[in-house]
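If you count the sequence shown from 1, you need to add 488 to reach the numbering used here. Cβ coordinates follow ideal geometry from the N, Cα and C atoms, glycine included. Nothing here was measured: the structure is a model prediction, and the numbers come from that model.
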Amino acid sequence: MTSIPPEMKERYEEARRLIESSKDIKIYSHTDCDGISSGAILTGILTKIGRQLGKDFKIEIVNLDVLENVPIEHELTIFSDLGSGQPVDKNANKDSKILILDHHPPLRDIDYCDTVDYDYLEINPIFYGIDGSQEVCGGGLCYLLAKEFGFTDLSWLGLLAAIGDIQNGKTGRLEGLNRTILKDAEEEGLVNIIKNDLSLYGRQTRPLFVALSYFSDVNLEITNDQNRALDLLKRLGINTRNPVNDTSIRSCDLSQEDKFKLIKELINMITKEIPSRYAIHAPKLVMGESYEFANEEKYTFLRDASEFSTAMNACVRNGRPEVALELLDLTI
């Protein structure tokens with residue numbers, strides 16, 4: 489696991505002081521799962537220290553174009569999962585206080601704060617040699633601020649943000665600072681880590697044969713063919729019904745033995761369809777870590793981190809970010 493660099497830790501201590509000393513706060517956060525999770529974490533921090541939403545602070549979920557001429561009208565303006573790549577301080581004055589928590593490539597360098605006559609604090613992993621595309625996202629940065637306050641119960645939101653940002657895409661598991669956040673969530677009893685899992689979308693909500701038919705990273709005989717997917721399970725001797733509730737078995741129901749049996753067969757099927765030089769990568773297409781939110785009901789989309797994050801992004805794509813916030817028990 490990666491620990492926070494000392495210089496970055498100092499910035500978080502400064503960010504905490506900035507928030508504690510401010511009574512009128514405006515949060516701007518990005519319109520995706522990462523951004524909304526970021527906003528939810530900041531809302532959680534402020535609520536826990538006694539600030540009231542709507543009275544002491546406000547939150548707005550915005551597209552990047554809004555930041556081209558964003559007003560700086562509150563005592564403290566916070567930008568989460570955005571701001572590093574935009575001229576957000578364009579309208580700042582000597583009384584302004586700006587805090588940026590973003591993982592995207594920055595326009596300004598780490599010493600920019602020394603060149604302006606107002607309070608400016610930007611926390612970006614790139615300043616510390618940390619990969620913002622794989623090791624920590626906006627929600628992760630906001631959670632690390634929550635951790636500075638001692639609010640590790642918000643760690644699951646940092647995990648949700650990372651999965652929504654597909655930060656596990658390269659290795660099939662969370663790495664870097666994301667791993668540290670994951671450990672916090674596990675220690676809080678908020679997340680179950682399923683190692684060496686079958687990497688199929690819909691592990692909680694889709695019947696296994698349906699999930700298999702949606703596999704399209706490589707075109708297989710089961711792709712878009714539920715009957716063939718069902719036949720595959722029967723051929724492997726995998727029960728297609730859950731004996732406990734007599735429903736179609738889901739990926740999350742599989743025993744480790746059946747899981748490995750299916751993974752092995754899928755790898756064999758994939759290697760037959762791709763050039764031999766790519767065969768080494770086949771396991772990554774079907775196997776990885778999965779993350780379950782322990783407090784959510786089984787067989788719902790809220791239980792699996794991947795399905796939950798997809799629902800969050802779907803809300804945004806349909807122009808309803810407030811619904812995504814409501815999924816997190818928050819309202820604008």
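Cβ-based burial, Pro594 [other Cβ within 10 Å; buried from 16]: On the sequence shown, residue 594 is found 106 positions in, with the first residue counted as 1. Burial call: buried.
Span separating the alpha-carbon of Ser778 from that of Asn666: By one-based count along the sequence shown, residue 778 stands at place 290. By one-based count along the sequence shown, residue 666 stands at place 178. If you take the alpha carbons of Ser778 and Asn666, they lie about 14 Å apart.
Collapsed DSSP secondary structure at Asn801 in the structure displayed: Taking the sequence shown and counting its residues from 1, one reaches residue 801 at position 313. Helix.
Per DSSP, the bridge partner or partners of Met775: Within the sequence shown, the letter at position 287 stands for residue 775. The partner list for Met775 (beta bridge, DSSP) reads Leu686.
Contact check, Leu662 vs Ala650, beta carbons under 7 Å: For this step, residue 662 is matched to residue 174 along the sequence shown. For this step, residue 650 is matched to residue 162 along the sequence shown. Yes, the Cβ-Cβ distance between Leu662 and Ala650 is below 7 Å.
Given Glu495 as reference, the closest of Asp522, Ile611 and Gly527 once Cα atoms are compared: Taking the first residue of the sequence shown as 1, we reach residue 495 at position 7. If we check each option's Cα against that of Glu495, Ile611 comes out closest.
Euclidean distance between Cα positions of Ile598 and His592: Residue 598 sits at position 110 when you count from the first residue of the sequence shown. Residue 592 sits at position 104 when you count from the first residue of the sequence shown. So the two alpha carbons sit approximately 14 Å from each other.
Spatial neighbours of Pro789 in its chain, beta-carbon cut-off 7 Å, leaving aside the 5 residues before and after: The sequence position of residue 789 within the sequence shown is 301, counting from 1. First, the amino acid is wrong: residue 789 is Phe here, not Pro. Only Gln692, Thr693, Glu795, Phe796 and Ala799 meet the Cβ criterion.
Meets three-Cβ-pair contact criterion under 8 Å: the stretch 758 to 772 and the stretch 717 to 728: no
Spatial neighbours of Leu647 in its chain, beta-carbon cut-off 7 Å, leaving aside the 5 residues before and after: Along the sequence shown, read from residue 1 onward, the residue named residue 647 stands at position 159. Within the same chain, Leu647 has close Cβ partners Ile669, Leu670, Ala673, Val679, Tyr779 and Ala793.
Separation of Glu675 from Leu835, as counted between CA atoms: Past the edges of the chain, shown from 489 to 820, lies residue 835, and the structure says nothing about it.
Strand pairing of Lys514, partner residues [DSSP]: By 1-based counting over the sequence shown, the position of residue 514 is 26. DSSP, once it has assigned bridges, lists Lys546 and Thr565 as partnering Lys514.
Per-residue DSSP class, three states only, for Tyr500: Translated into the one-based positions of the sequence shown, residue 500 becomes position 12. In the structure shown, Tyr500 sits in a helix (DSSP, three-state: H, G or I).
Which listed residue (Ile682, Ile755, Tyr787 and Thr711) has its alpha carbon closest to that of Asn733: As a working mapping, residue 733 is identified with position 245 in the sequence shown. When only C-alpha atoms are compared, the closest one is Tyr787.
Between the CA atoms of Gly664 and Glu624 - distance to the nearest angstrom: If you number the sequence shown from 1, residue 624 lands on position 136. If you number the sequence shown from 1, residue 664 lands on position 176. Checking the sequence shown, residue 624 turns out to be Val, not Glu. The straight-line gap from Cα to Cα measures roughly 7 Å.
Arg738, DSSP secondary structure in three states: Stepping through the sequence shown from its first residue, residue 738 is reached at position 250. In the structure shown, Arg738 sits in a strand (DSSP, three-state: E or B).
Sheet register partners of Asn680 (DSSP bridge): Along the sequence shown, read from residue 1 onward, the residue named residue 680 stands at position 192. Under DSSP, Asn680 takes part in a beta bridge, and its partners are Glu780.
CA nearest to the CA of Ile586, picked from Asn579, Leu609 and Val774: Mapped onto the sequence shown, residue 586 falls at position 98. Nearest option by C-alpha distance: Leu609.
Beta-carbon contacts of Glu821 that lie in its chain and below 6 Å, excluding the five residues immediately before and after: Given that the chain is displayed from residue 489 to residue 820, the structure contains no residue 821 and the question cannot be resolved.
Cβ pair Tyr500, Glu636 closer than 7 Å: Stepping through the sequence shown from its first residue, residue 500 is reached at position 12. Stepping through the sequence shown from its first residue, residue 636 is reached at position 148. Going by C-beta atoms, Tyr500 is nearer than 7 Å to Glu636.
Rounded distance between the beta-carbons of Cys630 and Ser526, thought under 8 Å: Translated into the one-based positions of the sequence shown, residue 526 becomes position 38. Translated into the one-based positions of the sequence shown, residue 630 becomes position 142. Under the criterion of beta carbons closer than 8 Å, Ser526 and Cys630 qualify as touching, at roughly 4 Å.
7 Å Cβ cutoff met for Asp719 and Ser701: Reading the sequence shown from its first residue, position 231 is the one you call residue 719. Reading the sequence shown from its first residue, position 213 is the one you call residue 701. No; because the gap between Cβ atoms is not below 7 Å, this pair is not in contact.
For Glu745, three-class secondary structure by DSSP: In the sequence shown, the residue the question calls residue 745 occupies position 257. Three-state result, Glu745: helix.
Cβ pair Phe545, Leu534 closer than 7 Å: As a working mapping, residue 545 is identified with position 57 in the sequence shown. As a working mapping, residue 534 is identified with position 46 in the sequence shown. Yes.
Candidates Glu561, Gly538, Ser517 and Cys601, of which the one nearest Glu502 by Cα: If you number the sequence shown from 1, residue 502 lands on position 14. Minimum Cα distance to Glu502 is reached at Cys601.
C-alpha distance - Ser739 paired with Leu696, whole-angstrom precision: The residue given as residue 739 occupies position 251 in the sequence shown. The residue given as residue 696 occupies position 208 in the sequence shown. Cα to Cα, the separation comes out at about 5 Å.
Beta-carbon proximity check, Gly626 vs Asp520, cutoff 7 Å: Taking the sequence shown and counting its residues from 1, the one referred to as residue 626 is at position 138. Taking the sequence shown and counting its residues from 1, the one referred to as residue 520 is at position 32. Contact: no.
Residues near Ile751 by beta carbon distance below 7 Å, same chain, minus five either side: On the sequence shown, position 263 is the one that residue 751 refers to. Here the set comprises Leu686, Val774 and Met775.
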